[in-house]
Amino acid sequence: MNRRDFLQSASVVALASTTIARAAVPAVKPIRLGVIGAGSRGQENLRQFLRVPGVSVEAICDIYPPRYEQVNRLVGKDVSHTADFNELLARNDIDAVMIASPVACHAEHVIATAKTGRAIYGEKALGFTVEDNQNILDAVIRNKTLFQIGHEYRYASWVREAIRRVHAGEIGTPTHVYAYWHRNGDWRRSVPSPDPDGKLERLINWRLYRESSGGLGTELGSHHIDMANWIFGEQPESVIGTNSICRYHDGRTVGDNVQTVFNYSQGRRLVFSSITDNAKVGCEFWIYGTAGSVQITIEDATMYYEKDRSNKPTTDKAEGKTVVERGVVTGASYSTAGEMPYRGPGEKVVVASSEDPTLAAARSFIEAVRGEHSIFADVHCGFRAAIACSVAHDAVFTENKMLIPTAAHHDKG
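For the sequence shown, the residue numbers in mature numbering (1 follows the signal peptide of the UniProt record, and there is no 0) are -23 to -1, 1 to 390.
Below, the structure written as structure tokens:
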């Protein structure tokens, strides 16, 4: 075989191999995405959606014009834009809508989108007020809308495996959840100058003002409330809490720290804390059960088990007895031996993949739009978390115990 014949044969083989490889990869149904709200969270969602094969971004809606060019750079093309969400919804080249506008706008945007029949990926929290949450839930059900809430940690592999093991009884009966989201930063975003009337401040830093934000308890705590609901199998019945402005006296009207206690049936509790002037602990979620505990972070999960106590109660009474501890004679009732916790490394929860939770959530949504499976983080789980956030937002200002209503219709699950 001469060189030319060899090269021709090689080309035929290469072409055949390429054709076979392409045939082996199943074609995916294209999903054209419209976006309402293209701020920081909206753009992060977009980054992950664009990693899912077959997804394109056709149009965005945002009332802050600098977002348009930011999205163009992110997507790599000029994306059609508008400041009117109704104009976006009137387009005929959009299959699904991702909504990441400020939480106070969610009801208007979600309800209008549901009426068009399009699938919706809605950022948390579902709605701002109790009424908003009920109206969104009603609209999604009435219009039979495919809806996924942005509780991305429901899609994190290590979270799912840890909670599976909790439900399987590995730590006994779960009774308490302690959740933290501690940061060291003012939670403020820079505002271009000049801004004489403060409109840009209210637009860009909407999270800092009570009329447009649920504060730390909603923007961060909604994830933890949802996870506690998942563990306990229900939404909380009531909440009590407090907040204050401790460090950042900059005109904000939501607290720079918040502490809440959510009460579930059978005396179970979720205790949530968020502070913004110390990052110790960070984002941690602890599940306490009668036989062990689970620590969940935004990267991994670890199981711990209660040690076998050597000072179990006996028929002998401790009164009057003494023990020697660290060379000191002390009363038996003051011994620390039974109060020191297990300090070992624990058992890491092993998962096959630790894919970014937002990417996992985006991928799952697109698969659901394509009809491959149902929604896991659906509107009902969104409602159960958001209704608790709405009530807690008022409870931390009144510092009174407040009841949390359930859905006005028959809720599933």
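Ideal Cβ positions, reconstructed from N, Cα and C, are used throughout, including at glycine.
All of these numbers come straight from a predicted model, not from anything done at the bench.
Own chain residues within Cβ distance below 6 Å of residue i, not counting five before or after
i, result
"tyrosine 225", "Asp163 and Asp233"
"alanine 205", "Val154 and Leu247"
"alanine 96", "Ala73, Leu123 and Val346"
"alanine -1", "Its pLDDT being 46, under 50, alanine -1 is placed unreliably by the model, and the measurement read from it follows with that caveat. Nothing listed; no residue qualifies."
"histidine 58", "Ile37 and Tyr45"
"valine 373", "Gly218, Thr219, Asn220 and Val235"
"isoleucine 352", "Gln125 and Ala345"
"alanine 116", "Ile88 and Ala91"
"residue 391", "The displayed coordinates of the chain run from -23 to 390. Any statement about residue 391 would go beyond what the structure contains."
Backbone secondary structure at residue i - three-state DSSP
i, result
"tyrosine 157", "strand"
"isoleucine 113", "helix"
"tyrosine 319", "coil"
"serine 221", "strand"
"serine 78", "coil"
"histidine 144", "helix"
"asparagine 234", "strand"
"phenylalanine 360", "helix"
"leucine 197", "coil"
"phenylalanine 105", "coil"
"valine 6", "First, the amino acid is wrong: residue 6 is lysine here, not valine. In this structure, lysine 6 counts as coil in the three-state DSSP scheme."
"glycine 19", "helix"
"tyrosine 186", "coil"
"threonine 27", "Residue 27 is actually leucine in this sequence, not threonine. Leucine 27 falls in the coil class under three-state DSSP."
"leucine 123", "coil"
"tyrosine 41", "coil"
Beta-carbon proximity list for residue i, same chain, < 7 Å, skipping 5 on both sides
i, result
"histidine 370", "Gly191, Gly192, Gly194 and Thr195"
"glutamate 178", "Val168 and Asp172"
"arginine 184", "Trp164, Ser190 and Glu196"
"threonine 150", "Gly266 and Thr267"
"serine 242", "Glu211 and Glu214"
"alanine -3", "At alanine -3, the pLDDT of 43 sits below 50, so the modelled position is not reliable; the number obtained from the coordinates is stated separately. Result list for alanine -3: empty, nothing under 7 Å."
"serine 270", "Ile148, Trp263, Ile264 and Tyr281"
"isoleucine 381", "Gln212, Pro213, Glu214, Ser215, Val216, Ile364, Ala365 and Val368"
Spatially closest choice to residue i from the options, by CA coordinates
i, options, result
"aspartate 254", "Gly31, Ala339, Ser221 and Trp263", "Ser221"
"glutamine 272", "Asp70, Thr335, Val326 and Val74", "Val326"
"asparagine 112", "Val87, Val136, Ala133 and Tyr132", "Val87"
"asparagine 69", "Glu21, Tyr41, Asp61 and Gly11", "Gly11"
"glycine 19", "Gly218, Gly99 and Gly146", "Gly99"
"glycine 14", "Thr152, Arg142, Pro42 and Gly175", "Pro42"
"isoleucine 8", "Arg24, Val29 and Gln25", "Val29"
"threonine 230", "Tyr186, Arg245 and His144", "Tyr186"
"phenylalanine 209", "Cys223, Gly146 and Arg166", "Gly146"
"alanine 91", "Ile275, Asp174, Ala67 and His128", "Ala67"
"arginine 141", "Ala278, Ala102, His357 and Gln47", "Ala278"
"glutamate 138", "Lys284, His357 and Trp207", "Trp207"
"glycine 321", "Lys284, Gln47 and Thr375", "Lys284"
"alanine 81", "Glu376, Ala102 and Leu65", "Ala102"
Close beta carbons around residue i, own chain, < 8 Å, minus the five adjacent residues each side
i, result
"glycine 198", "Ala156, Trp158, Val235, Thr237, Phe249, Ser251, Cys366 and Ala369"
"isoleucine 40", "Ala60 and Leu180"
"serine 134", "Val328, Ala329, Ser330, Ser331, Glu332 and Ala337"
"histidine 201", "Val154, Ala156, Trp158, Leu247, Phe249 and Phe262"
Whole-number beta carbon distance between residue j and residue i, since they are thought to touch under 8 Å
i, j, result
"asparagine 49", "aspartate 55", "5 Å"
"alanine 363", "asparagine 110", "5 Å"
"glutamate 21", "threonine 383", "Wrong, their Cβ atoms sit about 32 Å apart, outside the cutoff."
"alanine 77", "glycine 31", "Wrong, their Cβ atoms sit about 21 Å apart, outside the cutoff."
"tyrosine 132", "serine 341", "6 Å"
"histidine 128", "alanine 354", "5 Å"
"glycine 104", "asparagine 120", "Actually they do not touch by this definition, with Cβ atoms about 16 Å apart."
"leucine 23", "valine 356", "Actually they are not in contact, since the Cβ atoms of leucine 23 and valine 356 sit about 22 Å apart, beyond 8 Å."
"glutamate 35", "isoleucine 71", "6 Å"
"alanine 256", "arginine 160", "5 Å"
Any non-hydrogen atom of the ligand HEM within 8 Å of residue i CB
i, result
"asparagine 377", "As for the ligand HEM, it is missing from this structure, which has no ligand bound."
### Task
Please specify which runs of the beta strand (DSSP E), each continuous and at least 3 residues long, are wholly inside the segment 239 to 266, giving them in chain order.
Correct list: 246 to 252 and 260 to 266.
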